[in-house]
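Below you'll find the structure, written out as structure tokens, and then a few comments.
Number of protein chains: 2
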Amino acid sequence: MLTFGEIELAARRLHGVAHRTPVLTSRTLDDLLGARVYLKAENLQRMGAFKFRGGYNAVSALTAAERAAGVVAFSSGNHAQAVALAAQLHGCPATIVMPRDTPASKLAATRGYGAEVVLYDRLSEDRAAIAEQLATSRGSALIPPFDHLPVMAGQGTVALELIEDVGTLDAMIVCAGGGGLLSGCAVAAKHRLPAIELYGAEPERGNDLQQSLRTGRIVSIEVPDTICDGQQTQAVGVLPFEVIRATVTDVLTATDDEVVAAMRFAFERLKTVLEPSGACALAALMVHADRFAGQRVGVTLSGGNIDLDRFFSLVSGRH
Amino acid sequence: MLTFGEIELAARRLHGVAHRTPVLTSRTLDDLLGARVYLKAENLQRMGAFKFRGGYNAVSALTAAERAAGVVAFSSGNHAQAVALAAQLHGCPATIVMPRDTPASKLAATRGYGAEVVLYDRLSEDRAAIAEQLATSRGSALIPPFDHLPVMAGQGTVALELIEDVGTLDAMIVCAGGGGLLSGCAVAAKHRLPAIELYGAEPERGNDLQQSLRTGRIVSIEVPDTICDGQQTQAVGVLPFEVIRATVTDVLTATDDEVVAAMRFAFERLKTVLEPSGACALAALMVHADRFAGQRVGVTLSGGNIDLDRFFSLVSGRH
Numbered sequence: 000m001l002t003f004g005e006i007e008l009a010a011r012r013l014h015g016v017a018h019r020t021p022v023l024t025s026r027t028l029d030d031l032l033g034a035r036v037y038l039k040a041e042n043l044q045r046m047g048a049f050k051f052r053g054g055y056n057a058v059s060a061l062t063a064a065e066r067a068a069g070v071v072a073f074s075s076g077n078h079a080q081a082v083a084l085a086a087q088l089h090g091c092p093a094t095i096v097m098p099r100d101t102p103a104s105k106l107a108a109t110r111g112y113g114a115e116v117v118l119y120d121r122l123s124e125d126r127a128a129i130a131e132q133l134a135t136s137r138g139s140a141l142i143p144p145f146d147h148l149p150v151m152a153g154q155g156t157v158a159l160e161l162i163e164d165v166g167t168l169d170a171m172i173v174c175a176g177g178g179g180l181l182s183g184c185a186v187a188a189k190h191r192l193p194a195i196e197l198y199g200a201e202p203e204r205g206n207d208l209q210q211s212l213r214t215g216r217i218v219s220i221e222v223p224d225t226i227c228d229g230q231q232t233q234a235v236g237v238l239p240f241e242v243i244r245a246t247v248t249d250v251l252t253a254t255d256d257e258v259v260a261a262m263r264f265a266f267e268r269l270k271t272v273l274e275p276s277g278a279c280a281l282a283a284l285m286v287h288a289d290r291f292a293g294q295r296v297g298v299t300l301s302g303g304n305i306d307l308d309r310f311f312s313l314v315s316g317r318h
Numbered sequence: 000m001l002t003f004g005e006i007e008l009a010a011r012r013l014h015g016v017a018h019r020t021p022v023l024t025s026r027t028l029d030d031l032l033g034a035r036v037y038l039k040a041e042n043l044q045r046m047g048a049f050k051f052r053g054g055y056n057a058v059s060a061l062t063a064a065e066r067a068a069g070v071v072a073f074s075s076g077n078h079a080q081a082v083a084l085a086a087q088l089h090g091c092p093a094t095i096v097m098p099r100d101t102p103a104s105k106l107a108a109t110r111g112y113g114a115e116v117v118l119y120d121r122l123s124e125d126r127a128a129i130a131e132q133l134a135t136s137r138g139s140a141l142i143p144p145f146d147h148l149p150v151m152a153g154q155g156t157v158a159l160e161l162i163e164d165v166g167t168l169d170a171m172i173v174c175a176g177g178g179g180l181l182s183g184c185a186v187a188a189k190h191r192l193p194a195i196e197l198y199g200a201e202p203e204r205g206n207d208l209q210q211s212l213r214t215g216r217i218v219s220i221e222v223p224d225t226i227c228d229g230q231q232t233q234a235v236g237v238l239p240f241e242v243i244r245a246t247v248t249d250v251l252t253a254t255d256d257e258v259v260a261a262m263r264f265a266f267e268r269l270k271t272v273l274e275p276s277g278a279c280a281l282a283a284l285m286v287h288a289d290r291f292a293g294q295r296v297g298v299t300l301s302g303g304n305i306d307l308d309r310f311f312s313l314v315s316g317r318h
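Same order as they appear, the protein sequences are chains W and A.
In terms of numbering that gives the first Met the number 0, the numbers along the first sequence are unbroken and rise by one, the last being 318.
In terms of numbering that gives the first Met the number 0, the numbers along the second sequence are unbroken and rise by one, the last being 318.
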């Protein structure tokens with residue numbers, strides 16, 4: 000099981016490399032919800048999302064010889080860029096397996112960090128198999144997006160910094176896809192504040208973790224139809240779930256419309272740009288505010304990688 | 000002339016009341032420009048702009064008896080909300096004179112801070128005369144938007160915090176309308192870092208300060224036709240100009256299209272929302288980057304009060 004010591008080690012590795020992201024507060028939001036809300040702005044993290052922390056820590060955790068043989072990852076999202084950038088910073092080669100229909104801007108960003116991109120057909124090919132084969136044939140290390148202790152430990156530094164900056168919290172709401180961020184934050188938060196209540200946040204139509212937590216076993220679902228593209232995982236990771244089951248109070252959900260409302264609120268009132276999954280925890284708080292009345296609540300704003308056209312089409316109701 | 004002591008006093012008054020806004024950095028921006036850039040995110044300030052600092056300090060500087068008689072301001076922009084909020088926090092009445100065609104959201108925000116709003120007709124009435132008459136008849140204090148030492152001192156805390164947070168800087172670029180922010184920042188920055196070069200930033204079609212600085216006397220222009228609505232002043236203030244003339248190296252300009260490009264860059268790469276005037280200093284840096292090659296440069300992101308529809312109509316080229 001993930002330990003606090005691994006998160007502290009990750010924090011030392013990330014010091015001076017990752018941004019120590021600011022904590023945003025808004026009296027308007029506090030008044031609206033009747034709570035004191037502390038928003039950890041990981042949309043302002045390097046490459047635009049918390050994923051950099053886990054990717055960097057995982058590459059750091061390799062031996063020099065392992066790094067020299069390169070790293071491989073598969074992702075159409077933020078993990079791809081996180082591993083590409085982490086590899087570049089360590090001076091080691093990276094190969095990222097991405098779907099052929101990945102937006103050009105994301106391909107360009109990943110290649111911009113010096114990674115080799117291998118494209119596959121989303122409908123006919125299995126990206127995990129391609130990545131594993133590449134890793135085996137090249138002797139490279141595969142960096143999984145969430146089901147991997149060094150990745151979870153890196154993500155846990157989000158909660159560590161938040162608590163260092165704002166002090167005690169009654170609750171923390173963390174968005175969950177594969178559970179890397181939630182499990183890392185849970186271990187860090189419970190170590191520092193044993194009485195804190197941890198909550199996951201998921202899109203309503205992709206509530207596999209909610210089902211898993213409530214039934215006590217990992218529930219797998221079809222690829223969920225949601226705008227929250229960072230949370231289209233079909234099942235939580237085994238290692239994250241081990242932590243989540245032991246530490247997390249409940250998983251809250253928000254509909255896509257509620258997520259869009261949170262993105263709009265963040266733009267207009269917080270002056271900050273969130274991608275849908277990056278707004279999911281804020282949306283869950285806004286929908287379930289009655290649970291947190293009078294409390295001090297930490298919330299992750301997990302990412303801001305969305306292009307202008309997509310953002311505008313979402314907030315103008317064309318999704 | 001504004002002194003550093005007045006800025007220090009303002010900093011003490013604002014401590015715990017104003018947000019200590021974060022400094023954003025972007026390696027993408029640094030690589031693009033060949034400089035180290037430190038962006039002071041005053042768009043994340045209370046009420047969404049640096050104006051809160053000056054407004055609050057000016058209300059604080061009144062005696063209790065003066066405050067009890069209320070404050071008056073005229074503004075269609077951020078100064079209106081700044082004075083309204085500052086008065087509310089001091090428990091004193093505020094009257095804000097605003098044009099009849101002010102967007103409903105700004106009227107609502109100003110009234111939301113408890114201020115009385117007096118509307119006037121932009122074409123046929125003189126807002127300054129209305130405000131002065133109101134102040135006289137009620138015995139209230141008029142809080143000018145920039146040509147007023149306590150306002151300038153409050154704005155100067157922006158540079159004070161920036162330098163405290165990032166250390167030495169070779170240059171600082173500060174957007175300029177009436178010159179309140181630029182003059183305050185100039186006094187603070189030159190006190191802390193005597194060798195720093197100060198630059199103003201103006202929209203190209205509203206370059207009255209550039210003309211004034213280059214000719215050595217205040218030049219007044221027609222109301223400029225620019226999207227930078229926070230910089231549609233016709234002339235710099237007398238008190239700010241006294242400082243600017245003695246401390247500022249030059250004023251750089253950016254076209255409206257260049258300002259929009261900076262807003263787009265801020266959204267997509269910095270994940271932060273800027274109104275046009277809030278992006279003016281960043282635009283000026285991006286256009287004149289060759290002047291700052293290899294330097295450590297501070298830049299004000301002065302405000303983020305723009306609604307979604309206006310933002311997208313600007314970035315999609317419909318201005």
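Backbone N, C-alpha and C fix where the C-beta goes; we use that ideal spot for every residue, glycine too.
Since we're looking at a predicted model, the values are computed, not measured.
Since I believe residue j is in contact with residue i (beta carbons under 8 Å), could you give me their beta-carbon distance rounded to a whole number of angstroms?
{"i": "A322/A", "j": "L141/A", "result": "With chain A covering only 0 through 318, there is no way to say anything about residue 322/A."}
{"i": "L84/A", "j": "R45/A", "result": "7 Å"}
{"i": "G319/W", "j": "G229/W", "result": "This structure cannot speak to residue 319/W, because chain W is shown only from 0 to 318."}
{"i": "D164/W", "j": "R295/W", "result": "Wrong, their Cβ atoms sit about 13 Å apart, outside the cutoff."}
{"i": "V36/A", "j": "L28/A", "result": "5 Å"}
{"i": "T299/W", "j": "L180/W", "result": "7 Å"}
{"i": "V22/A", "j": "L38/A", "result": "7 Å"}
{"i": "P202/A", "j": "V258/A", "result": "7 Å"}
According to the neighbour-count rule (16 or more other Cβ atoms, all chains shown, within 10 Å of its Cβ), is residue i buried or exposed?
{"i": "A103/W", "result": "exposed"}
{"i": "G166/W", "result": "exposed"}
{"i": "S312/W", "result": "exposed"}
{"i": "S219/A", "result": "exposed"}
{"i": "T334/A", "result": "The shown model of chain A, from 0 to 318, leaves out residue 334/A, and the question about it has no answer."}
{"i": "S315/W", "result": "exposed"}
{"i": "A40/A", "result": "buried"}
{"i": "A63/W", "result": "exposed"}
{"i": "V132/W", "result": "The amino acid occupying residue 132/W in the given sequence is Gln; Val does not appear at that position. So Q132/W ends up on the exposed side."}
{"i": "R52/W", "result": "buried"}
{"i": "T214/W", "result": "exposed"}
{"i": "D255/A", "result": "buried"}
{"i": "A114/A", "result": "buried"}
{"i": "P193/W", "result": "exposed"}
Give the straight-line distance between the Cα atoms of residue i and residue j, rounded to the nearest whole angstrom.
{"i": "G90/A", "j": "D306/A", "result": "29 Å"}
{"i": "Q233/W", "j": "G297/A", "result": "45 Å"}
{"i": "S336/A", "j": "R99/A", "result": "Residue numbering for chain A in the displayed model covers 0 to 318; residue 336/A lies beyond these limits and cannot be assessed."}
{"i": "A67/A", "j": "R11/W", "result": "53 Å"}
{"i": "A93/A", "j": "L8/A", "result": "23 Å"}
{"i": "G178/W", "j": "K270/W", "result": "28 Å"}
{"i": "T24/W", "j": "A282/A", "result": "27 Å"}
{"i": "Y119/W", "j": "A128/W", "result": "11 Å"}
{"i": "T109/W", "j": "R290/A", "result": "31 Å"}
{"i": "V116/A", "j": "L238/A", "result": "28 Å"}
{"i": "A292/W", "j": "H190/A", "result": "46 Å"}
{"i": "R216/W", "j": "L208/W", "result": "9 Å"}
Counting only C-beta atoms, is residue i closer than 8 Å to chain A at any point?
{"i": "P21/W", "result": "yes"}
{"i": "E267/W", "result": "yes"}
{"i": "N42/W", "result": "yes"}
{"i": "G15/W", "result": "no"}
{"i": "R35/W", "result": "no"}
{"i": "R263/W", "result": "yes"}
Considering only the beta carbon of each residue, do residue i and residue j sit closer than 8 Å?
{"i": "A57/A", "j": "V150/A", "result": "yes"}
{"i": "A200/A", "j": "C279/A", "result": "yes"}
{"i": "G183/W", "j": "Q154/W", "result": "yes"}
{"i": "L34/W", "j": "A261/W", "result": "Checking the displayed sequence, the identity of residue 34/W turns out to be Ala instead of Leu. No, the Cβ-Cβ distance between A34/W and A261/W is not below 8 Å."}
{"i": "V222/W", "j": "F49/W", "result": "no"}
{"i": "G236/W", "j": "E274/W", "result": "no"}
{"i": "L212/W", "j": "V250/W", "result": "yes"}
{"i": "F266/A", "j": "V272/W", "result": "yes"}
{"i": "N206/W", "j": "T248/W", "result": "no"}
Report yes or no: is there a C-beta of chain W within less than 8 Å of the C-beta of residue i?
{"i": "G303/A", "result": "yes"}
{"i": "V272/A", "result": "yes"}
{"i": "V259/A", "result": "no"}
{"i": "G47/A", "result": "yes"}
{"i": "L106/A", "result": "no"}
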